[in-house]
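The structure appears right after this line, and notes come after that.
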Amino acid sequence: MLDFPLWKKGWFWGLTLALSVLALPSLFSLSGARWPAALPDPEVNLGLDLAGGSHILLEADPAEIVTQRLRNMEESVRSTLRRAEPQIRVGDVSTADRRLSFMVESVADVDRARQLLEPLLNGEGLVREWDLSVVDETRIILTPTDAGLDAALNAAMDSSQDVIDRRINALGTREPTIIRQGDNRIVVQVPGLQDPEQVKELVGRTAKLEFKLVNENALPSDLAQGIVEPGQQIFPYAPDSGFAGQSLAVYRLGGIDGSTLVRAQASRNQENQDVVVIQFDQQGGNRFAKLTSENVGKQFAIILDGEVISAPVIQDQILGGVSEISGNFTPETAQQLAISLQSGALPVDLTVVEERTVGPDLGAESIRLGIIAMMVGSIAVVVLMIATYGRFGVYATIALIFNVLMILGIMAAMNTTLTLPGIAGFVLTIGAAVDANVLINERIREERKRGRRVIAAVENGYREASRAIFDANITNFIAGALLFMFGTGPVRGFAVVLVIGLFTSVFTAVSLTRLWVAGWLRRARPQDLHL
Amino acid sequence: MKLLKLVPDDTNIKFLKWRIPFYVISMVLIAASWGLVLTKGLNYGVDFAGGLNITATFTESTEAPVGDLRDRVAGLGYGEPVVQRFGEDNQVSIRVPLPESAEGNPEAAQAIANEIVDELQTNFDDFRLDGNENVSGKVSDEFRQDAALALIAAMLAVALYIWIRFEWQFGVGGLFALFHDVSLTLGMFALFQMEFNLQSIAAILAIIGYSLNDTIVIYDRIRENLKKYRKMPLPELLDLSVNETLARTVMTSLTLFIALIPLLLFGPASLFSMVAAITLGLFVGTYSSVYMAAPILIWLGVDSHSFVPQESAADRQEKAARGEV
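In the order they appear, the protein sequences are chains A and B. If you're matching positions, the first sequence starts at 18 in my numbering and goes up one per residue. If you're matching positions, the second sequence starts at 608 in my numbering and goes up one per residue.
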């Protein structure tokens with residue numbers, strides 16, 4: 018038990034020093050000093066509660082995905098059957114009750130329709146995305162499968178994450194975190210001094226841009242009551258468009274949308290208004306040119322996320338696919354809209370369900386107070402340990418120092434986050450780590466009292482105490498792991514420190530001290546223990 | 608140098624003599640805690656209640672104008688705000704429930720937050736906004752459920768572990784001690800109306816870990832003594848085990864306590880309720896290991912035969928390892 022071959026000594030010390038060195042960059046930056054830039058710098062991230070910044074949790078509504086898929090499927094079905102030779106006529110199309118149902122006008126066409134639709138029903142990797150059934154001989158019903166919906170939601174969330182990533186990065190902030198959580202959520206964390214409003218504007222906006230022709234003859238009284246002619250739709254003006262409270266009727270079909278946009282940039286026009294200049298790709302440009310040339314003198318609405326931002330009159334045909342969006346912007350709102358458009362539209366609407374912002378002053382103060390409290394606590398523990406166990410207390414103290422360094426080092430290497438509760442976790446770990454030494458030392462005292470010789474007492478002390486230390490750490494690990502699984506943000510930071518601390522404290526408080534005690538026993542060969 | 612000895616050698620305190628009165632007291636305390644939780648309720652923070660929470664410092668004042676703040680925020684008409692002093696005398700947290708109309712509507716919620724901050728910024732020159740949280744009802748419901756689940760799962764999982772490592776009686780004893788600790792901690796939150804949030808759950812899980820640590824050390828010694836003194840009556844054996852581990856119990860509780868005290872006294876304000884709960888849990892947990900976890904073994908019928916089969920097998924293995932067949 019007290020024999021340490023050289024290789025074992027080697028790797029104990031190697032591991033200890035390697036992990037401790039990893040903590041140095043973090044220690045430097047936590048104490049405000051500068052770490053030489055030339056050296057590698059794995060560093061512990063500071064949580065938002067320490068660094069200041071914003072945490073935003075966004076959620077997509079899965080029901081919206083269902084609606085979208087039904088709408089897209091309806092279009093695919095219509096165009097597929099229209100293009101069939103000979104054309105297959107359908108009627109009574111409905112997307113109610115989460116399914117697409119329609120009648121094929123002639124019974125003879127039903128089988129042919131089935132065959133034509135078959136390729137639409139499978140997604141990537143031959144996942145069955147739709148179930149097709151025929152009822153009453155001529156009615157075809159398409160129901161989205163759960164697998165298909167899951168895949169669609171997953172794809173929508175992945176691409177939302179990319180879009181948000183592009184938008185936040187366009188702000189030029191330092192180290193934002195954008196990760197998916199669960200099936201339909203995305204967490205956005207932006208550390209440092211930031212205007213949370215700006216971040217929220219950016220990530221929360223769907224940025225779906227549409228250009229639609231206006232029915233200039235619609236009566237304001239009808240619009241107010243929501244009455245429109247078939248094939249038209251009412252959109253309200255955006256609150257800051259200058260026409261708040263008013264609405265426009267537009268033609269459903271014949272417009273174009275922003276999906277073919279390749280560039281968007283904030284700018285100023287000749288009248289010194291803030292505008293966003295957009296550029297379509299070749300195909301979009303052609304369609305835009307066609308739309309404008311056919312409708313010179315007519316009004317068209319620029320609709321963003323379901324609200325009209327402006328409705329200019331088409332002066333002339335617009336060639337080259339470059340257009341300008343005006344809409345009562347300030348330089349900031351123009352810039353934000355440009356970023357949103359440039360990064361593409363979100364495939365689903367995202368709602369903010371949780372938001373936390375911490376000012377940077379508070380975080381800095383918390384770190385200072387937390388570190389002072391931790392130092393004072395540690396010194397008190399060290400004094401008590403040395404006063405009680407003498408030489409064995411000194412070993413426990415050195416082990417404790419390595420313990421703290423190793424936890425920080427592992428956290429830095431694993432790129433985890435230190436939070437305010439995490440500091441409490443450090444304090445708790447310091448208090449609990451010496452428990453192992455207390456158990457061992459008390460046991461050695463006991464064994465000596467029973468008259469065992471020094472070597473046997475130390476050996477027994479370590480062996481008998483190890484059992485309880487092991488069991489206690491396993492149960493602590495269970496509690497810590499559950500906290501990690503369930504906890505979010507700051508609380509998770511607490512669990513991280515606690516769990517890493519369990520491993521390092523068993524190593525430092527048991528293995529390392531045993532190494533040192535064994536070395537001392539061999540060198541000094543004491544006949545009695547001052548314990 | 609003379610070394611410090613907090614507990615004299617060979618103590619022989621009859622802890623278990625008082626087990627019945629202490630059990631009665633503990634039962635009363637558990638019942639009182641749940642009574643408080645059910646009648647007074649827990650002061651849910653924004654994590655569990657949902658709504659808006661604004662923290663602020665009045666940088667030039669020695670004391671935050673709590674009453675004035677309450678009136679001003681209430682005057683905006685979003686219901687009765689909870690204004691609490693938070694850390695220093697000049698720091699406050701203001702919690703406002705969200706009206707139905709703003710639920711799940713982040714813009715409305717943000718508009719309300721802005722309105723409150725504007726109102727306070729115009730009226731108090733030294734108002735510094737430190738933080739702003741906004742949790743929707745849906746998310747706070749999930750947090751509550753997850754928290755309850757995590758606590759229950761943690762208690763059952765560790766009890767199961769003890770059962771596997773010891774005997775079923777020990778598992779039940781450990782679980783019961785944990786139930787005692789968690790109940791009393793919740794009772795304290797209800798009694799002092801301290802804010803109950805995600806951090807409080809972290810505190811309770813830390814208490815579970817610590818309290819069990821203590822229980823295991825005593826149980827381990829009980830197991831050892833059960834093998835050693837086959838003929839000793841159980842109450843006496845439990846007393847012996849508690850006394851033998853007493854020095855360690857006192858020392859460990861003390862080190863944890865002195866490590867936590869500075870954090871409690873001058874640590875960051877937002878950690879106060881968490882650290883306070885852990886500190887209280889430290890005492891409750893130490894007490895419960897001695898007076899809840901140990902005596903229950905008597906009533907559950909542990910005796911010296913409990914570990915006989917395991918012991919002989921383990922012994923044989925050990926002997927074999929040492930080569931003395």
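Glycine residues also receive a C-beta, built at the ideal position from the N, C-alpha and C atoms.
CA-to-CA, the gap between A:ARG460 and A:ALA526 works out to about 14 angstroms. In this structure, DSSP gives A:ARG470 a state outside helix and strand, which the three-state scheme calls coil. A Cβ-Cβ distance of about 48 angstroms is found for the pair B:LEU812 and A:ALA281, leaving them out of contact under the 8 angstroms criterion. In this structure, A:VAL471 lies away from A:LEU532, with their beta-carbon atoms at least 8 angstroms apart.
The beta-carbon of B:ALA797 is placed no less than 8 angstroms from the nearest beta-carbon of chain A.
Using a CB distance cut-off of 8 angstroms, B:ALA671 does not count as an interface residue toward chain A. When DSSP states are grouped into helix, strand and coil, B:LYS612 belongs to the coil group. Cβ neighbours of A:SER150 within its own chain (closer than 6 angstroms, five residues either side excluded): ILE158. For the stretch 451 to 470 of chain A, residues whose beta-carbon sits nearer than 9 angstroms to a beta-carbon of chain B comprise VAL451, ASP452, VAL455, LEU456, ASN458, GLU459, ARG460, ARG462, GLU463 and LYS466. Per DSSP, A:GLY380 lies in no beta strand (DSSP E) segment; the continuous alpha helix (DSSP H) that holds it begins and ends at 377 to 406. Residue environment: B:PHE799 is assigned as exposed (fewer than 16 neighbouring CB atoms within 10 Å of its CB, all protein chains considered).
In this structure B:MET881 does not touch B:GLN776 by the C-beta definition: roughly 33 angstroms separates them, more than the 8 angstroms allowed. For B:PHE629, the closest C-alpha among the options B:LEU907, B:GLY908 and B:ILE903 is that of B:ILE903.
Inclusion of B:LEU841 and A:VAL444 in the CB contact set at 8 angstroms is not warranted, their separation being larger than that value. B:PHE890 counts as exposed, since fewer than 16 other C-beta atoms from the protein chains shown sit within 10 angstroms of its C-beta. A:GLU102 is classed as exposed because its beta carbon has fewer than 16 other beta carbons within 10 Å across all chains shown. If you draw a 10 Å sphere on the C-beta of A:ILE424, you find 16 or more other C-beta atoms in it, and that means buried.
At the C-beta level, B:SER877 and B:ILE825 stay beyond 8 angstroms of one another. The Cβ atoms of A:GLY275 and A:GLU311 do not sit closer than 8 angstroms to each other.
Residue range 841 to 851 is occupied by the alpha helix (DSSP H) that includes B:ASN850. Listed along chain A are LEU386, ILE389, ALA390 and VAL393, each with a C-beta nearer than 9 angstroms to that of B:PHE873. With respect to A:ARG509, B:GLU740 sits apart: the two C-beta atoms are not nearer than 8 angstroms.
Going by beta carbons, A:ASN458 and A:SER522 fall outside the 8 angstroms limit. For the stretch 730 to 746 of chain B, the residues whose beta carbon sits under 8 angstroms from a beta carbon of chain A are, in order, ARG735, LEU736, ASP737, GLY738, ASN739, GLU740, ASN741, VAL742, SER743, LYS745 and VAL746.
From the beta-carbon of B:GLN806, the residues of chain A found nearer than 9 angstroms are LEU437, PRO438, ALA441, PRO507, VAL508 and PHE511. For A:GLN206, the secondary structure class from DSSP, reduced to helix, strand or coil, is strand.
Listed in chain order, the non-local C-beta contacts of B:ILE661 below 6 angstroms within the same chain comprise ILE701 and ASN739, local neighbours out to five positions each way being set aside. In this structure A:ALA489 is in contact with B:ASN820, their Cβ atoms being roughly 4 angstroms apart against a cut-off of 8 angstroms.
Flagged as an interface residue toward chain B: A:ALA489, by a C-beta distance shorter than 8 angstroms. A:GLN359: member of the alpha helix (DSSP H) spanning 348 to 359, first to last residue. For B:VAL882, the neighbours in chain A by C-beta distance under 7 angstroms run, in chain order, ALA441.
Comparing alpha-carbon positions, the option among B:ILE620, B:ASP737 and B:GLY657 lying closest to B:ALA663 turns out to be B:ASP737. In the three-state reduction of the DSSP assignment, B:LYS838 falls in the coil class. For A:ALA362, there is no enclosing alpha helix (DSSP H), as DSSP gives it neither H nor E. Membership of A:PRO161 in the beta strand (DSSP E) is indicated by the continuous run 156 to 161. Scanning A:GLU288, A:VAL121 and A:ILE418 for the CA closest to the CA of A:LEU41 turns up A:ILE418.
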